[in-house]
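S.K.: In our numbering, the protein residues as written are -7 to 475.
No residue lacks a Cβ here, since even glycine has one placed at the ideal position from N, Cα and C.
Bear in mind the structure is a predicted one, so any value in this text is a computation, not a measurement.
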């Protein structure tokens, strides 16, 4: 399945309530925690199935806790096409900046009034604002006192610390790495899972070898209507430079961001990367990146490692996630993990949760969060196949299930040789994961501003300098309005 995201406005709320009549010991006293618990999330597509499964499993262990699950945003529309040789499904997330802003406003209002859910999914919520207002619970003391911490990857938990505490708990994690085409770039000791690179460093390696027959990277210049493409990749590497959330200061007007925009356009006009065509993304079309294209380097997420090792197993594995492109993979080798300009190696997540500091059910909320770190939940098929469990044993188990195909319901017994490749895959995941040392908090509304303003540069309505100046003013104003 290839996954594609488009944006439309539609909001709804569903509530799932799970409860029990109760269970008593012989002395008439409850042998389990009891009470209420409410959970709120925005992104239905990513969170709903997982949370419903997690609530069901939690209820089996804690039958006296009544759980209310609130989700906002519409379920995605799925369009399918059949070419006769392959069936393709396009998933459209019905979501846009207005609906995101509306949800954030609702949550902010609830928190400021001292109400709101006990647990919030940190999918789009502004972490810094809520921390500065004292609206999120610092989870660090809870985690330090709980044995669950010893079952999880410590460097991810440490990297998640920001603004003087641990304000959210990642349930899974992911990272990006670079692959290189060994038919275009000779293998070198400079490459490997223990290495790290920026886009600038790799561009410097590939440009002298460029002849026009292959692109430098497997990305577009930018993606209309969203923050995507090469402009996003370069922005990500310097996000903290452009948006200093702790000091409430934007830094778009010193020429660095204008140079970034200009370089992306130059890359596309020089044929180094693909130029996106069309004023808007057509939700009914497939990614025009061809399977027969070659790229000097590919920007991959960790899920692509399954293909990396699976192709040597005798089984053709073509697993794709949102944002992944095509291209010949047979000669791909690992160049190294992706690094920011300051040398930090960041992680991302698909699932992360925070506790409302004003919650009257904090103990139940913590019981639920640490339950999400259990091996049982972390190996659930409802969790994204692309994410890596924080639980160490679950990560190993899930690796085998994904590699064999059983995680997606079409598994097979692995041969001895395939088992060896699975171990190599596991070891590579761990080696790349060992380098992670930071998390870069983002603000959804700022990202929406950037996406909206850069469109004027790419449609040539504004110069790079004019675009940077407008962004500098708008982001500065936004940052200083938050208190």
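Do the stretch 113 to 128 and the stretch 153 to 162 touch if we need at least three Cβ pairs shorter than 8 angstroms?
M.R.: Yes, they touch.
S.K.: With DSSP run on the structure shown, which of helix, strand or coil describes residue 258?
M.R.: Note: residue 258 maps to helix in three-state DSSP.
S.K.: Tell me where the alpha helix (DSSP H) around residue 102 begins and ends.
M.R.: It spans 89 to 104 - the alpha helix (DSSP H) in which residue 102 sits, taken as one unbroken run.
S.K.: Counting only the same chain and skipping the five closest in sequence on each side, list residues whose C-beta sits under 6 angstroms from that of residue 92.
M.R.: 116, 436.
S.K.: Alpha carbon to alpha carbon, how far is residue 364 from residue 332?
M.R.: Those two C-alpha atoms are separated by around 30 angstroms.
S.K.: Grab me the residues of residue 243's own chain with a C-beta within less than 7 angstroms of its C-beta, minus the 5 sequence neighbours each way, in chain order.
M.R.: So the qualifying residues of the chain are 233, 234, 236.
S.K.: What do you get for residue 248, buried or exposed, if any count of 16 or more other CB atoms within 10 angstroms of its CB means buried?
M.R.: Burial call: exposed.
S.K.: Just to confirm my understanding: we take residue 74, look at its own chain, exclude 5 residues before and 5 after, and list those with CB closer than 7 angstroms. What are they?
M.R.: Confidence in residue 74 is poor, its pLDDT being 47 and thus under 50, which makes the residue's placement too unreliable to answer from.
S.K.: Output yes if chain B places a C-beta closer than 8 angstroms to the C-beta of residue 468; else output no.
M.R.: Of the protein chains in this structure there is only one, and it is not chain B.
S.K.: First and last residue of the alpha helix (DSSP H) that includes residue 107?
M.R.: Here residue 107 belongs to no alpha helix (DSSP H), and DSSP marks it neither H nor E.
S.K.: Please report the straight-line C-alpha distance between residue 67 and residue 374, rounded to a whole angstrom.
M.R.: Unreliable positioning characterises residue 67 in this predicted model, as indicated by a pLDDT of 48, which lies under 50. A coordinate reading is not provided.
S.K.: Inspect the beta-carbon positions of residue 194 and residue 289 and report whether they are closer than 8 angstroms.
M.R.: In this structure, residue 289 lies closer than 8 angstroms to residue 194 by Cβ.
S.K.: Less than 8 angstroms between the CB atoms is what I'm expecting for residue 129 and residue 354, so what's the real figure, rounded?
M.R.: Contact holds; Cβ gap of about 6 angstroms.
S.K.: Kindly confirm or deny that the stretch 327 to 345 and the stretch 441 to 458 touch, where touching means at least three C-beta pairs closer than 8 angstroms.
M.R.: As far as the Cβ criterion goes, the stretch 327 to 345 does not touch the stretch 441 to 458, which means the pair count is below three.
S.K.: My output table needs one value for residue 471: the three-state DSSP class, helix, strand or coil.
M.R.: Here residue 471 sits in helix by DSSP.
S.K.: Where does residue 63 land, buried or exposed, given buried means 16+ other C-beta within 10 angstroms?
M.R.: Result: buried.
S.K.: Is residue 25 helix, strand or coil by DSSP?
M.R.: Correct three-state label for residue 25: coil.
S.K.: Under 8 angstroms, with one C-beta from each stretch per pair, do the stretch 447 to 456 and the stretch 129 to 146 reach the 3-pair mark?
M.R.: With a cut-off of 8 angstroms, the stretch 129 to 146 and the stretch 447 to 456 do not count as touching, because too few Cβ pairs lie within range.
S.K.: Take residue 278 and list the residues in its own chain whose beta-carbon comes closer than 6 angstroms to its own, dropping the five residues that flank it on each side.
M.R.: With a pLDDT of 36 at residue 278, under the threshold of 50, the predicted position of this residue should be treated as unreliable, and no value is reported.
S.K.: Following the continuous beta strand (DSSP E) through residue 121, name the residue where it begins and the one where it ends.
M.R.: Per DSSP, residue 121 belongs to no beta strand (DSSP E); it is in the alpha helix (DSSP H), 119 to 124.
S.K.: Under a three-way DSSP split, which group does residue 7 fall into?
M.R.: For residue 7, the predicted model reports a pLDDT of 45, less than 50, meaning its position is unreliable and no value from the coordinates is stated.
S.K.: Determine the contact status of residue 376 and residue 145, defining contact as a CB-CB distance below 8 angstroms.
M.R.: Against a cut-off of 8 angstroms, the Cβ pair of residue 145 and residue 376 comes out as no contact.
S.K.: With distances taken between CB atoms, is the gap from residue 188 to residue 337 smaller than 8 angstroms?
M.R.: Cβ atoms of residue 188 and residue 337: closer than 8 angstroms.
S.K.: From residue 254 to residue 226, what does the alpha carbon distance come to, in whole angstroms?
M.R.: Approximately 12 angstroms, taken between the alpha carbons.
S.K.: Hey, out of 110, 100, 143, whose CA is closest to residue 124's CA?
M.R.: With distances taken between Cα atoms, residue 124 lies closest to 100.
S.K.: Determine, using beta-carbon pairs with one atom in the stretch 283 to 303 and one in the stretch 411 to 429, whether at least three such pairs fall under 8 angstroms.
M.R.: Because the criterion of three Cβ pairs below 8 angstroms is met, the stretch 283 to 303 and the stretch 411 to 429 touch.
S.K.: Which same chain residues, not among the five before or five after residue 252, have their C-beta less than 6 angstroms away from its C-beta?
M.R.: Once the five neighbours on either side are set aside, the close Cβ partners of residue 252 are 226.
S.K.: Reducing DSSP to helix, strand and coil, say where residue 237 ends up.
M.R.: Three-state result, residue 237: coil.
S.K.: Might you give, ordered along the chain, the residues of its own chain that have their beta carbon closer than 6 angstroms to the beta carbon of residue 175, omitting 5 neighbours on each side?
M.R.: Closer than 6 angstroms at Cβ, skipping near neighbours: 323.
S.K.: Based on Cα-Cα distance, which residue from 347, 211, 379, 241 lies nearest to residue 287?
M.R.: Here the closest residue by C-alpha is 211.
S.K.: Just curious, the beta strand (DSSP E) that residue 169 is in, first and last residue?
M.R.: Looking at the DSSP string, the run of the beta strand (DSSP E) that includes residue 169 is 168 to 173.
S.K.: Pick helix, strand or coil for residue 243, following the three-state DSSP scheme.
M.R.: The answer is coil: DSSP assigns residue 243 none of H, G, I, E or B.
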